[in-house]
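J.: In the working numbering, the protein residues as written are 679 to 1016.
Each residue gets a CB set at the ideal place from its N, CA and C atoms; glycine is no exception.
#1: Per DSSP, what are the beta-bridge partners of residue 896 in this structure?
#2: Grab the span of the beta strand (DSSP E) containing residue 778 for me, first residue to last.
#3: Let me check one thing: in DSSP terms, what residues is residue 739 bridge-paired to?
#4: Mind listing, in chain order, the continuous beta strand (DSSP E) runs of no fewer than 3 residues lying wholly within the segment 889–948?
#5: I need the DSSP call for residue 826, collapsed to helix, strand or coil.
#6: Please say whether residue 906 and residue 919 have beta carbons closer to each other than 9 Å?
#7: Just mark residue 932 as buried or exposed, buried being the case when its beta carbon has 16 or more other beta carbons within 10 Å.
#8: Relative to the C-alpha of residue 940, which residue among 923, 948, 895, 951 is closest?
#9: Quick check: the Cα distance between residue 707 and residue 738, rounded to an integer number of angstroms?
#10: Flag this pair as touching only if the segment 741–753 and the segment 762–773 have three or more C-beta atom pairs under 8 Å; answer yes or no.
#11: Note down, in chain order, each residue of its chain lying with its Cβ closer than 6 Å to the Cβ of residue 1013, except the 5 sequence neighbours on either side.
#12: Could you pull the DSSP bridge partners for residue 821 from this structure?
#13: Do residue 980 and residue 966 have their CB atoms nearer than 9 Å?
#14: With a threshold of 16 other CB atoms inside 10 Å of the CB of residue 868, please say whether the residue is buried or exposed.
#15: State the DSSP-derived secondary structure class of residue 767, mapped to helix, strand or coil.
#16: According to DSSP, is residue 842 helix, strand or coil?
#17: Tell me the DSSP bridge mates of residue 951?
#18: Between which residues of its own chain and residue 832 is the CB-CB distance below 7 Å, once the five residues before and five after are set aside?
#19: Closest to residue 861 by C-alpha separation, out of 897, 815, 885, 901, would be which residue?
#20: Tell me which same chain residues have a C-beta within less than 6 Å of the C-beta of residue 857, skipping the five on either side of it?
#21: What does the alpha-carbon distance come out to for the pair residue 711 and residue 982?
#22: Classify residue 720 as helix, strand or coil using the three-state DSSP reduction.
#23: If you drop the 5 nearest sequence neighbours on each side, which residues of the same chain put their C-beta closer than 6 Å to that of residue 699?
#24: Using the Cβ count rule (16 or more neighbours within 10 Å means buried), how would you classify residue 721?
#25: Less than 6 Å between C-beta atoms, sequence neighbours within five positions excluded: which residues of the same chain meet that for residue 843?
#26: Consider the C-beta atom of residue 823 and the heavy atoms of the ligand ZN; say whether any pair is separated by less than 8 Å.
#27: Suppose you measure from the CA of residue 1010 to the CA of residue 724; what does that come to, to the nearest Å?
#28: Which of helix, strand or coil does DSSP assign to residue 986?
#29: Using CA atoms only, rank isn't needed, just tell me which of 877, 743, 985, 1006 is closest to residue 992.
#30: Could you name the residues of the same chain whose beta carbon sits closer than 6 Å to that of residue 838, not counting the 5 residues immediately before and after it, in chain order?
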């Protein structure tokens, strides 16, 4: 009896610790790594937490990640456990509790138990297939529409293009022109634009008569169309192209970072990746990438063959054809052992 009580006491002591450890794993951001042609995950300190054993691995979304074994795709949790069997031909990230998958030419959506919850769509294009604000843009045949989380078509499949909902609006294309609709399918910004991008920080880039500017949600032009290309706003700045060079503007349209880059990405966590070309061959374009701060100062030298945006304090880079991660000081946090 005494022995049994001791065992029970130990179990009670361990259970909260286990739950606490699980919480730490769930809350911890993880990053994909590649080593010896296998993929695994590190944490933000560079410690390997899921050993490289997958043939391909993707970023976590809602605490689950798509991984590949041979030709088959499944889902793992942040402990590395396979929680949805690798039986799919295609698989996308979870978004709002659902993920788009294809198996044996049937495409639909599963929940986090791996159960099919929407399975009436066949030969459907896996373009975006992420639920945003309760709706998902789908291409069926040659047109796009929107479904809700029961699979019901709530916005007619009639558009030539449809983007995700953001701040209650979605970018769509109809009769070769772009405009924006609300979640009821009503056009709230007219189909006037040759091209456009999604709203970000209250503004959307639009193309009018061959030039790019910005509109607000009332469709008012707030930055005149004068750029050769324009990206969305992030951290209060947007990359724009003037002739062959990229710089950055503020929300008044003022050029705050001069156009001197061959490539310019969006700001994320106060830094933006920029590129300097080393060849001018259109078919074999190469560049080296570094990072600037919000003043335009190059704070991480352009030493990388590839660079991704900063996320949770780290950015994926490529050097000597090897994947690595750096922190916001440009220091290596993880390098492969080969």
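T.: Straight from the coordinates:
#1: Residue 896 pairs with nothing; no bridge assigned.
#2: 777–781
#3: 742
#4: 889–893, 899–905, 916–920, 923–927, 933–939, 941–946
#5: coil
#6: yes
#7: exposed
#8: 923
#9: 8 Å
#10: yes
#11: 1002
#12: 818
#13: yes
#14: exposed
#15: coil
#16: strand
#17: 969
#18: 813, 824, 825, 826
#19: 815
#20: 865, 867, 868, 869
#21: 17 Å
#22: strand
#23: Low confidence applies here, because residue 699 scores a pLDDT of 48, under 50, leaving its location unreliable; read the following figure in that light. Taken in chain order, the list of residues that qualify is empty.
#24: buried
#25: 810, 811, 813
#26: No copy of the ligand ZN appears in this structure; indeed no ligand is present at all.
#27: 9 Å
#28: coil
#29: 1006
#30: 851
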